[in-house]
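Number of protein chains: 2
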Amino acid sequence: MKKILFIALFSLALLPASAGHPSLMLTHGGVETMRADRGKVPAFDASITRTLAGADAALAAPIVVPQPRDGGGGYTHERHKLNYYEMVDCGIAWQLTGDERYARRVADMLAAYADLYPTLGFHPVVLSKTPGRIFWQTLNESVWLVHTSMAYDCVYDFMTPAERERVERDLFRPMADFLMNGMEGNRENNKVFNRMHNHATWATSAVGMIGMAMGDSELVRMALYGTDGTGRNGGFLQQLDCLFSPDGYFTEGAYYQRYAIWPFMVFAQCIDHNMPELGIFDYRGGILKKAVSTLLQLAYEGRFMRFNDALEKGYDAQELVYAVNIAYHADPSNKQLLDVAARYQGWVLPSDAGYAVARDIARGEAQPLRFRSAVYRDGRNGDEGGVAVIRSTDPALNSAVTLKATSHGLSHGHYDKLTLAYYDNGSEVLADYGAARWLNIEAKYKGHYTRENRTFAMTTAAHNTLVVDERSHFGGDYAESMKHHSDILFADFSHAEWQAVAARETNACPGVAMQRTVAYVTAPFLQYPLILDLLRAESADEHRYDYPMWYCGQMVSVDFPYEKALGTMETLGDAEGYRHLWKQAWGRNERSGTSCFTWIRGDRFYSLSTATTPESEMVFAQTGANDPDFNLRTETVYMVRERAKRSHTFFSSLETHGTYDLQVEQSDNLTSSCEGVRLLCDTPDHTVALAEYKGGHRVVLCVANRTADADKRHKVKTSEGTFEWTGPCDVRID
Amino acid sequence: MKKILFIALFSLALLPASAGHPSLMLTHGGVETMRADRGKVPAFDASITRTLAGADAALAAPIVVPQPRDGGGGYTHERHKLNYYEMVDCGIAWQLTGDERYARRVADMLAAYADLYPTLGFHPVVLSKTPGRIFWQTLNESVWLVHTSMAYDCVYDFMTPAERERVERDLFRPMADFLMNGMEGNRENNKVFNRMHNHATWATSAVGMIGMAMGDSELVRMALYGTDGTGRNGGFLQQLDCLFSPDGYFTEGAYYQRYAIWPFMVFAQCIDHNMPELGIFDYRGGILKKAVSTLLQLAYEGRFMRFNDALEKGYDAQELVYAVNIAYHADPSNKQLLDVAARYQGWVLPSDAGYAVARDIARGEAQPLRFRSAVYRDGRNGDEGGVAVIRSTDPALNSAVTLKATSHGLSHGHYDKLTLAYYDNGSEVLADYGAARWLNIEAKYKGHYTRENRTFAMTTAAHNTLVVDERSHFGGDYAESMKHHSDILFADFSHAEWQAVAARETNACPGVAMQRTVAYVTAPFLQYPLILDLLRAESADEHRYDYPMWYCGQMVSVDFPYEKALGTMETLGDAEGYRHLWKQAWGRNERSGTSCFTWIRGDRFYSLSTATTPESEMVFAQTGANDPDFNLRTETVYMVRERAKRSHTFFSSLETHGTYDLQVEQSDNLTSSCEGVRLLCDTPDHTVALAEYKGGHRVVLCVANRTADADKRHKVKTSEGTFEWTGPCDVRID
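Protein sequence lines correspond, in order, to chains B and A.
Each residue of the first sequence is one higher than the last, beginning at 1 in our numbering.
Each residue of the second sequence is one higher than the last, beginning at 1001 in our numbering.
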């Protein structure tokens, strides 16, 4: 009720939609300050220099607006992208210098597009359900219009009414209409525009921004409330309600949150400048500020963690410069944002927001970005599982462990329930493959996700979690996976010596309940904190259980005999995911109930000691099989396999150890201290797991499997004593 | 004659050998200045802080001098290494602070060693022909004594005569004797001490330095002139005559030059302090200064180029800190050394030399290290071939091409005649494997070179050069390879548009003469400089010729059809080297006379276009086969193979191209511009090779194969015109 009223008030506020020009990323007052302060704020001066250099380079070359032909990475695709960057640079250059050549360039290029656009049908590259006209997909067309709107806003007052009328008539209005409604032959764009999806964010931002630039309040209204204008069936505000969890988590994961945040922040900036009365940055409890903060937390060494489809991107991506600058402009009390801008980004936006960031960095106001252990809930209402991140309490240790127990994550989601990742010492140590894609490299399937993304990168076997019967979670069925989510059972970050988190998944593998508890333990007798990993599979039927751990670095040793493929190498199997793995080596351990694998990454060693039996099979494998086009990178996995088990619990000690200094050729502590791991008790109600280390030291992990009640007391008798604790979890360090 | 006289004069100068204490790395006057200047030279203060921290950490722990037991990387090995670092730190700390606890620590630890040493037989780890007593090999014992001599020199005046007498009697003299003569059961050390080899440099430095510290001129004499005292059968001075070429190149290559330079510079520093009249840094035309300068040139991005056995080491290795500091102290006119110290090393020696470096950096005297194209001759007399390095003339381009045409390089040499390497954009682009070794990792064959070093890393197939009949050069016969060397035919670095170098090898493959010409060409129509590679094999008999190119990065595409190993992968063959390669893919090109392979490394693309016929076989392979212990890293090679050819010339265009910016998702020029390469003429006398590029551009490489006469005029008629040039080589760019 309250909300409907609110929306009604919004609607009233819409006329007039424009606050004069410029008013999107720049404001009239902002430009005056920037002009006056030239030479006084070094980082902003650098940004202006960069912008002017881009604008001057543009002026030095002829206008090229080619007939659309190529897909991503191809010539015409890249040329049309360059064109919008050029127009933005020139538009800003005009505002900052008053040199008419810049404004003329934008006007002329817009005129060239106004010539071209009415002649265009759909793009000749047919790969998308929503083909564009300038680009192979409408998404790129939205991005084009977001940028071009900024440029148009800058030169609006320079252009003659006749020039404006022409580009609005032949270019902007038809393009806005195309983004909202598609055109004859394909009306899919209308669905996309009103969908709760990041492509819709681009589309609504594009339409809203060109609406503001043109002073067309009707377009702005549809951008905010959807094409039916109700706010209930699409539009930017509903996206803010739906696309982030209450913790600011975007369901596709950090890599796509990076991309999604861009139009959100850019359009929000424009709304804030044009309709400050809407308080867009406070909407839904400041959801956009939360989203930026959460995104920054879901990174390691400034690189986004690999959840779902993910490539190597980080804080230095341009969308993060937008997000961090605009978020700081919206809330200058968050001084940690200045640290991100100063340490990782190195440039600021040539806009009001960028100016504020540069000025306050120069004033010495930056505060170090701090990472904290947290659970980020997934789902619009925060009730669809979440991602847990455990961080070292001592920032100098610089390590992070993640447990992913979310919903599927839309079309970029992976079948990776309860997957674990470990980051330490500046590197990925246990990671998943990420996405199989060579972005913008046309020779690699035109820069799109390759087929191996579906047949390998998305499969469960490509992740550090339980694989049942060699099948992906939900049998790799997207529709089925979309119906479910895992659950975070508990998270306890309150102790100095240990932190722990647990999650459960009961739908991904029919008839098998999975539960994983991960503890990060600081033991005085170990060089670095320890990770205990308890992965339980409970079933009434017999299954094959695989426990793959994708390790980064070089295999050093194992403490059991193995055979290695010498002259011929076969795949690990025919199952999805497995058929892309070369089976490098395999072994069994008949001498001990614990099997240890040590590898080196950077100048540190990692030893995974897992409870095994003589029947357990240990396998080393490497990606690259059944990959006819060299699409896969070479990555390596160590896997413990159990056959014909009803229930099984994988229990491991992951020890980080070793000093390895090649400079002075000194090394120390290169072998694991772990003498054995075993389960003292493992019932549906309780698990008590013991890990023993040199010097008679022990770490015991006690877990209540059925309840996360913090006040519930537990008592378990084992052959090695009785363990009592309160709450879902306890860790004993002796 | 002149030299013998010189040596005779040296001998007279030997008494007394000691200039008081301290006089090895520190001098009395130096210490006074350092004490007076505390707080005035930041980098030197940091060095003192670091030294004092090391000394304080030592004091905080008990003295541990364990019974020798472990090999490299093992506990006792590392403990004994730590002990000498501790003694050095404490000795310097005593000099700088006058705090007696530091001096007492050194005296007490020396006493503990004096207790232990007489009880020791040979080390229990039997792996070396020259086992040590504290360490598994005598080499480490020499290194121990080099360091301990410095510490003893520092605390000499603190220790009582009785204390000194005891450690000299029970520790230093027996150890010096052991280094010179071995002991009952193994006298091999005597041969090593007098050998022309870097192990001998360590041994002579150790004996000479402890001689100076003890004031024993007889030991100093044997260190300088060999155990027979003549200077003709060993000793440090003869090493200076023999172990470097006139250009300061050390025959084992940069990686071992790094290691060898350490004792050379350290002992030279001690000689300079104790016997300045010898002018050791001017000896043989300043060979030590040349050696340091050459070593710095044989690096890329501060990492040493991979010649022969090589791991990842660079300017930041501690031996380079010694070398650069001492070289600067010896010749303060070389301000580029300050740049190396400031940019790559970050710390200076706590010594007179380190003080000079820190002071002059603080004074702003550093000048940028400049790289230049050069040939570094190999062999004592500079007549055993050499290494050619072509550098981009514009330092911003930051690329380097090397052609190795040296002698074998002693026991660390590889069978890699005429091998090529390419470094660009901060990375290795075409490299060889380097050494198969996991230094100091005991689990990997105790940290030694693994067997795969011999069966793979040293083999010709592991390098970017010609393999004839799948056999390594000289059949992999060390003794045979040691008899020969390649020759640099010419090098021309005089042109703005191109640089070129050529080398010949006639002994490595019986009946086959190999010649390689490499040109680095700046063509205005290409984004980056081009490399043309002309590798000729001339023979009267039929052979199989392989042209492997070890590429770093990810395969992007080829322009010919190929098959890839999908479900089973086999080795490339049974031959040495080949049996370690998994055959990933193979193809032929029946459509064109040029076959192009493109890969990506970092944010740049590389396209190798090679002249082929429909019979040529192209292969992709990956290391890892027949590697039962996971000793090999995974590296990748592209290979062009020709069968049953008498003579054959491989001609390639290696084009560097592409802008690939993931941050802003822009890419450009990702496909090769090369439209074809072919030989217009290829006779024993002349080769004229043509490479054609988009836009009708051509680059022609004209080479005189038989003579390097700079004045000789050549005229060659081809179906595409007549080419005339003067000298061994010409490049035409149209």
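For each residue, glycine too, the CB sits at the ideal point set by N, CA and C.
Quick caveat, the model's predicted, so the values are computed rather than measured.
Own chain partners of Tyr-693(B) with C-beta closer than 7 Å, once the 5 adjacent residues on each side are dropped: Taken in chain order, the residues that qualify are Phe-525, Leu-526, Ser-673, Cys-674 and Glu-675.
Since Lys-1081(A) meets chain B, which of its residues come closer than 9 Å, beta carbon to beta carbon? In chain order: Val-664, Glu-665 and Gln-666.
Identify, in the order they occur along the chain, each residue of the same chain with its Cβ nearer than 6 Å to the Cβ of Pro-1174(A), setting aside the five sequence neighbours on each side. Taken in chain order, the list of residues that qualify is empty.
Kindly indicate which three-state DSSP category Glu-1452(A) falls into: helix, strand or coil? It is helical.
Beta-carbon of Ala-443(B) versus every beta-carbon of chain A: anything under 8 Å? Closer than 8 Å to some Cβ of chain A, the Cβ of Ala-443(B) qualifies, so yes.
Can you name the residues of chain B whose CB is closer than 8 Å to the CB of Glu-1086(A)? For Glu-1086(A), there are no neighbours in chain B by C-beta distance under 8 Å, as the nearest C-beta there is about 12 Å away.
If the cut is a Cβ gap below 9 Å, which residues of chain B does Glu-1312(A) touch? Correct list: Leu-662.
Does the beta carbon of Ala-60(B) sit closer than 8 Å to a beta carbon anywhere in chain A? At a cut-off of 8 Å between C-beta atoms, Ala-60(B) does not count as an interface residue with respect to chain A.
For chain B, is any of its Cβ atoms less than 8 Å away from the one on Leu-1566(A)? Taking Cβ atoms only, chain B reaches closer than 8 Å to Leu-1566(A), which makes this a yes.
Can you name the residues that DSSP bridges to Ala-537(B)? DSSP, once it has assigned bridges, lists Met-514(B) and His-648(B) as partnering Ala-537(B).
Ignore the nearest five residues each way along the sequence and tell me which others in Gly-253(B)'s own chain have a CB closer than 6 Å to its CB. Around Gly-253(B): Phe-307, Asn-308 and Gly-409.
Contact under 8 Å by Cβ, Asp-1677(A) with Ser-1647(A): First, the amino acid is wrong: residue 1677(A) is Val here, not Asp. For Val-1677(A) and Ser-1647(A), no; Cβs fall outside 8 Å.
Is Val-1207(A) near Leu-1179(A), with beta carbons less than 8 Å apart? Yes.
With H, G and I counted as helix, E and B as strand and the rest as coil, what does DSSP make of Phe-1620(A)? Strand, per DSSP.
Based on Cα-Cα distance, which residue from Val-1518(A), Tyr-1551(A), Lys-1645(A) and Ala-1519(A) lies nearest to Gly-1511(A)? Minimum Cα distance to Gly-1511(A) is reached at Lys-1645(A).
Give the residues of chain A in contact with Phe-630(B), contact being defined as C-beta atoms less than 7 Å apart. Phe-630(B) reaches chain A at Met-1555, counting residues in chain order whose Cβ is nearer than 7 Å.
Gly-434(B) and Ala-457(B) - do their beta-carbons sit closer together than 8 Å? If you check the CB distance, Ala-457(B) and Gly-434(B) come in under 8 Å.
Does any CB atom of chain A fall closer than 8 Å to the CB of Gln-318(B)? Closer than 8 Å to some Cβ of chain A, the Cβ of Gln-318(B) qualifies, so yes.
Roughly how many whole angstroms lie between the Cα atoms of Lys-1313(A) and Thr-1634(A)? Going by the C-alpha atoms only, they are around 19 Å apart.
Are any of the Cβ atoms in chain B nearer than 8 Å to that of Thr-1571(A)? Interface with chain B (8 Å Cβ-Cβ cutoff): Thr-1571(A) is included.
Mind listing which residues of the region 420-452 of chain B have their C-beta closer than 9 Å to chain A's C-betas, in chain order? Cβ contacts with chain A: Trp-438, Leu-439, Asn-440, Ile-441, Glu-442, Ala-443, Lys-444 and Gly-447.
What's the call for Ala-1013(A), buried or exposed, on a 16-neighbour Cβ count within 10 Å? Model confidence at Ala-1013(A) stands at a pLDDT of 43, short of 50, so the residue's coordinates are unreliable and nothing is read from them.
Residues of the region 1608-1638 of chain A with Cβ closer than 9 Å to any Cβ of chain B, in chain order: Result list: Phe-1620, Gln-1622, Gly-1624, Ala-1625, Asn-1626, Asp-1627, Pro-1628, Asp-1629, Phe-1630, Arg-1633, Thr-1634 and Thr-1636.
Sequence-distant residues of the same chain with beta carbon closer than 8 Å to Thr-1571(A), five excluded per side: For Thr-1571(A), the CB contacts under 8 Å within the same chain, skipping 5 residues up- and downstream, are Tyr-1578, Arg-1579, His-1580, Leu-1581, Trp-1582, Lys-1583, Ala-1625 and Asn-1626 in chain order.
Report the residue from Thr-1612(A), Arg-1601(A), Phe-1605(A) and Ala-1585(A) whose alpha carbon sits nearest the alpha carbon of Ser-1595(A). Ser-1595(A) has its Cα closest to that of Thr-1612(A), out of Thr-1612(A), Arg-1601(A), Phe-1605(A) and Ala-1585(A).
Using a beta-carbon distance below 8 Å, is Gly-1073(A) in contact with chain B? Yes, its Cβ sits closer than 8 Å to a Cβ of chain B.
Please list the terminal residues of the continuous beta strand (DSSP E) segment that includes Asn-507(B). Per DSSP, Asn-507(B) is one residue of the beta strand (DSSP E) stretching across 498-509.
Residue closest to Arg-1516(A), alpha-carbon to alpha-carbon, out of Gln-1137(A), Leu-1219(A) and Val-1703(A): That would be Val-1703(A), whose Cα lies nearest to the Cα of Arg-1516(A).
In the region 575-598 of chain B, which residues sit with their C-beta less than 9 Å from some C-beta in chain A, listed in chain order? For the region 575-598 of chain B, the set of positions with a beta-carbon nearer than 9 Å to some beta-carbon of chain A reads Arg-579, Trp-582, Gln-584, Ala-585 and Thr-598 in chain order.
Chain B contact for Leu-1736(A) (CB, 8 Å cutoff): This structure gives no information on residue 1736(A), because the portion of chain A shown stretches from 1001 to 1734.
Could you have a look at Met-1(B) and say whether DSSP puts it in helix, strand or coil? Since pLDDT at Met-1(B) reaches only 38, below the 50 mark, its modelled position is unreliable, and the value read off the structure follows with that caveat. Residue state, collapsed to three classes: coil.
Tell me, to the nearest whole angstrom, how far the beta carbon of Glu-505(B) is from that of Ala-405(B); I am working on the premise that it is less than 8 Å. Their Cβ separation, rounded to whole angstroms, is 7 Å, which keeps Glu-505(B) and Ala-405(B) in contact under 8 Å.
What are the boundary residues of the beta strand (DSSP E) that Ala-1611(A) is part of? Under the DSSP assignment, Ala-1611(A) falls in the beta strand (DSSP E) whose first and last residues are 1604-1611.
At what residues does the beta strand (DSSP E) containing Gly-364(B) begin and finish? For Gly-364(B), there is no enclosing beta strand (DSSP E), as DSSP marks it with neither H nor E.
How far does the alpha helix (DSSP H) with Val-44(B) in it reach, from first residue to last? Correcting the residue type first, residue 44(B) is Phe in the shown sequence and not Val. Taken as a continuous stretch (DSSP letters only), the alpha helix (DSSP H) holding Phe-44(B) covers 42-60.
Under a CB-based cut-off of 8 Å, is Glu-1720(A) close to chain B? Output row for Glu-1720(A): interface = no.
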